[in-house]
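Following: one structure in structure tokens, then a few remarks.
Protein chains: 2
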Amino acid sequence: MANGIPALDRLVDEFRKMPSIGNKSAERLAFYVLGLEDKDVKGLADAIINAHERIHQCSVCRNLTEDEVCPICKNDKRDRSIICVVEDPRDVAAIERTHEFNGLYHVLHGVISPINGIGPEELTIKELLARLSDNTVNEIIMATNPTVEGEATAMYISRLLKPLGISVSRLAYGIPVGADLEYADEVTLSRALEGRREI
Amino acid sequence: MANGIPALDRLVDEFRKMPSIGNKSAERLAFYVLGLEDKDVKGLADAIINAHERIHQCSVCRNLTEDEVCPICKNDKRDRSIICVVEDPRDVAAIERTHEFNGLYHVLHGVISPINGIGPEELTIKELLARLSDNTVNEIIMATNPTVEGEATAMYISRLLKPLGISVSRLAYGIPVGADLEYADEVTLSRALEGRREI
Numbered sequence: 441m442a443n444g445i446p447a448l449d450r451l452v453d454e455f456r457k458m459p460s461i462g463n464k465s466a467e468r469l470a471f472y473v474l475g476l477e478d479k480d481v482k483g484l485a486d487a488i489i490n491a492h493e494r495i496h497q498c499s500v501c502r503n504l505t506e507d508e509v510c511p512i513c514k515n516d517k518r519d520r521s522i523i524c525v526v527e528d529p530r531d532v533a534a535i536e537r538t539h540e541f542n543g544l545y546h547v548l549h550g551v552i553s554p555i556n557g558i559g560p561e562e563l564t565i566k567e568l569l570a571r572l573s574d575n576t577v578n579e580i581i582m583a584t585n586p587t588v589e590g591e592a593t594a595m596y597i598s599r600l601l602k603p604l605g606i607s608v609s610r611l612a613y614g615i616p617v618g619a620d621l622e623y624a625d626e627v628t629l630s631r632a633l634e635g636r637r638e639i
Numbered sequence: 441m442a443n444g445i446p447a448l449d450r451l452v453d454e455f456r457k458m459p460s461i462g463n464k465s466a467e468r469l470a471f472y473v474l475g476l477e478d479k480d481v482k483g484l485a486d487a488i489i490n491a492h493e494r495i496h497q498c499s500v501c502r503n504l505t506e507d508e509v510c511p512i513c514k515n516d517k518r519d520r521s522i523i524c525v526v527e528d529p530r531d532v533a534a535i536e537r538t539h540e541f542n543g544l545y546h547v548l549h550g551v552i553s554p555i556n557g558i559g560p561e562e563l564t565i566k567e568l569l570a571r572l573s574d575n576t577v578n579e580i581i582m583a584t585n586p587t588v589e590g591e592a593t594a595m596y597i598s599r600l601l602k603p604l605g606i607s608v609s610r611l612a613y614g615i616p617v618g619a620d621l622e623y624a625d626e627v628t629l630s631r632a633l634e635g636r637r638e639i
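Protein chains in written order, with the numbering used here: chain L, 441 to 639; chain E, 441 to 639.
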């Protein structure tokens, strides 16, 4: 825009750098900030600084946490023989919401993607292998996304693990619950047929 | 969401308060902040605090500025006999971009809207009338939005100004340049017919 108000232009620029925020949204957010009470502006700025300072990776599973070891890794009631491998901390939150998994996690922080210059050494695969050395783990669930990169990453890691005698599984593919068969894409539908079960 | 990471939850909450930011976007923005370099986080927080501290209303036209009087009001080359009345500082920026208007502005900071409990005394109408007391102004352009509230506000102000012998005009209505006639709504189209000009 360029309002002739440098402090405003700078704020709009900062918001525009954020993901999925365009010119108009950045402007709207900037005006929102201008309209806040003093204490709410401090609250917003503090929340930003504070989150960035306090949150780091769990030294075991690489999920985000404010502690040295995250609450899931510290929890004695979780099954230590099974690890669910995900791409991203948000995936941990999604799986936790199902209340169906009581094992541990490992967060890769990405997927292997040669196009974006991300090789296996950029991910936390070394750290995953280190966790397997004491033989308490006997199953790994690969819960990377059902994308080309997610698949390739799951395959790559499973090949590393097989020789260690650890069972490696993959999340089931199929039609999403509540979806309409008519609108399912062919690949999903053929995977659903392939994976059919007796009832 | 609830990640079990209080600093993250707090940041997501702060972003969720912003206009047109839902749960998913708030989460995405929070993860963007976590991924920033130290200095970029400081830059973002500073821009927020700084903009809020420095920007206030021009003592003359009520547009936003970092100075006591804004650059437009201070500019000797602007025509002081004509004032364009707008709802919002963003409208000043929009009109300035046309480079077609060389007068001054007056920002109302809203429109009369009984439903939202906003009466004339909530707007900067008193300040507008005060600016007219020295008789340098002889035309007012009402450039409020073409909404019910914008119209009503324009009418209200024009009735206050007429007795002062000041000419009051309204922006022209019509089909937007580059738009397709076929898709113009009936009201716009009938206004465009009504306002037709000889060529």
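Even glycine gets a Cβ: it sits at the ideal position worked out from N, Cα and C.
Residue pairing by DSSP puts E:R610 in a beta bridge opposite E:M582. The residue among E:I523, E:E527, E:E536, E:R450 with its C-alpha nearest the C-alpha of E:T593 is E:E527. At the C-beta level, L:P586 and L:Y623 stay beyond 8 Å of one another.
L:G483 has a beta carbon lying within less than 8 Å of a beta carbon in chain E.
Look at the beta carbons and you see the stretch 458-467 of chain L touching the stretch 459-472 of chain E: at least three pairs across the two are nearer than 8 Å.
Minimum Cα-Cα distance from E:A619 among the listed residues E:L629, E:I639, E:L611 corresponds to E:L629.
The alpha carbon of E:P529 has as its nearest neighbour, out of E:K517, E:S553, E:R502, E:P511, the alpha carbon of E:R502.
Look at L:H539 here: in three-state DSSP terms it is coil, with no helix or strand label.
Taking one beta carbon from each stretch, the stretch 516-525 of chain L and the stretch 474-493 of chain E have fewer than 3 pairs nearer than 8 Å; the two do not touch.
With respect to the C-alpha of L:V532, the residue from L:I552, L:S553, L:C498, L:P560 having the closest C-alpha is L:C498. Taking a contact as a CB-CB distance under 8 Å, the pair L:L563 and L:G550 counts as one, their CB atoms being some 6 Å apart. Assigned with DSSP and collapsed to three states, E:T576 falls in coil, not helix or strand. Any Cβ of chain L closer than 8 Å to the Cβ of E:H492 would place that residue at the interface, and such an atom is present. Taking CB atoms only, L:V473 has a neighbour in chain E less than 8 Å away. Short of 7 Å from the beta carbon of L:N542, and not among the five residues preceding or following it, lie these beta carbons of its own chain, in chain order: R518, D519.
Here E:C498 carries a coil assignment [DSSP, helix/strand/coil]. For E:E562, no CB of chain L lies under 8 Å from its own CB, so it is not counted at the interface with that chain.
Chain E has a Cβ within less than 8 Å of the Cβ of L:L451.
As DSSP reads the structure, E:I522 sits in a beta bridge with E:E579. When L:E477, L:K566, L:L544 are compared, the shortest CA-CA separation from L:P511 is found for L:L544. By the 16-neighbour rule on beta-carbons within 10 angstroms, L:R571 is buried. Within the stretch 460-509 of chain L, the runs of alpha helix (DSSP H) that reach at least 4 residues and sit entirely inside it are, in chain order, 463-474, 478-494. Note on L:S573: under 16 other CB atoms within 10 angstroms of its CB, so exposed under the neighbour-count rule. The beta carbon of E:Y596 sits closer than 7 Å to the beta carbons of I552, P560 from its chain, once the five residues preceding and following it are set aside; these are given in chain order. The secondary-structure analysis by DSSP pairs E:I597 with nothing; it has no beta-bridge partner.
Under the DSSP definition of a beta bridge, E:I639 lacks any partner. When only Cα atoms are considered, L:H496 and L:L504 end up about 5 Å apart.
Straight-line spacing of the CA atoms in E:I615 and E:R494 works out to 40 Å. For E:I555 and E:A583, the gap between their C-alpha atoms comes out near 22 Å.
Rounded to the nearest angstrom, the gap between the Cα atoms of E:I522 and E:I606 is 10 Å.
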